[in-house]
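Residue numbers (this note's numbering): 20 to 229.
Beta carbons are placed, not taken as given, at the ideal position from N, Cα and C, and that holds for glycine.
Bear in mind that the values here come from a model prediction, so they are computed numbers and not experimental data.
Have a look at the structure below, then the notes.
What follows is the structure, encoded as structure tokens:
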């Protein structure tokens, strides 16, 4: 049976319920892996392309079983060239829109900030999935790879107890990823200067797009 690929990245609706991501250290292998996975099962490619450090990043989703089949095939094909991977069978619904449209979600209730940085995008995806499912916090911003030297980070906002719970969950999830370059911080009762800094986006040069 012919497998069809939907690669329209203009739609910011969730890809899910399942979402997977592969960070591949070799661009030719990355493109070949993209070809392999979309031929394996009917999945939707949310985005695929080069990122900083000369890697190739693939984000795709769909129903749980097809995504699992495509993910396993891709991992086997790119073995030896994978920096990090993640497969979330039932991804938290805010993740993909945050990645795809790059918008800052503000204002949000609460007074405390949680910041999570990882060495690769898949580990951040894993961490945010756990944090958002397990704690009542808002995902303010999620940025990946370009403009960050291949790293990824997110900001979370809410009441202090909820932010603490979210960061604890994110930290546990980060330990299950392949990236060992992670960092988290909690800013209780964040000053107005910090609020201004996150509410308009965290880029130093606003016009720069990486």
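Asked                                                                                                                                                                   : Found
Taking the runs of the beta strand (DSSP E) that are 3 residues or longer, which of them lie wholly in the segment 83 to 109?                                           : 101 to 107
Whole angstroms is fine: what's the gap from residue 202's alpha carbon to residue 115's?                                                                               : 22 angstroms
Can you have a look at residue 106 and say buried or exposed, based on whether 16 or more other CB atoms are within 10 angstroms of its CB?                             : buried
For the candidate residues 165, 155, 85, whose alpha-carbon lies nearest to that of residue 63?                                                                         : 85
Which of the three DSSP states is assigned to residue 204 in this structure?                                                                                            : strand
Does the separation of the CB atoms of residue 119 and residue 185 fall below 8 angstroms?                                                                              : no
Let me know the secondary structure DSSP gives residue 41 once reduced to three states.                                                                                 : strand
Looking at the secondary structure, which residues open and close the beta strand (DSSP E) in which residue 131 lies?                                                   : 131 to 137
Note down the Cα distance separating residue 75 from residue 46, rounded to an integer number of angstroms.                                                             : 5 angstroms
Taking C-alpha atoms, which residue in 214, 49, 122, 168 lies nearest to residue 139?                                                                                   : 168
Tell me which same chain residues have a C-beta within less than 6 angstroms of the C-beta of residue 96, skipping the five on either side of it?                       : 52, 55
Sorted by chain position, which residues of the same chain lie with C-beta nearer than 8 angstroms to residue 11's C-beta, five sequence neighbours on each side aside? : Any property of residue 11 remains undetermined from this structure, which presents the chain solely from 20 to 229.
Which term fits residue 131, buried or exposed, when burial requires 16 or more other beta carbons within 10 angstroms of its beta carbon?                              : buried
Taking Cβ positions, are residue 135 and residue 173 nearer each other than 8 angstroms?                                                                                : yes
What three-state label does DSSP hand residue 69 in the structure shown?                                                                                                : strand
So what does DSSP say about residue 81, is it helix, strand or coil?                                                                                                    : strand
Going by CA-CA distance only, name the one from 193, 163, 147, 166 that's closest to residue 175.                                                                       : 147
What residues in its chain sit with their C-beta under 6 angstroms from that of residue 72, if we drop five residues either side in the sequence?                       : 169
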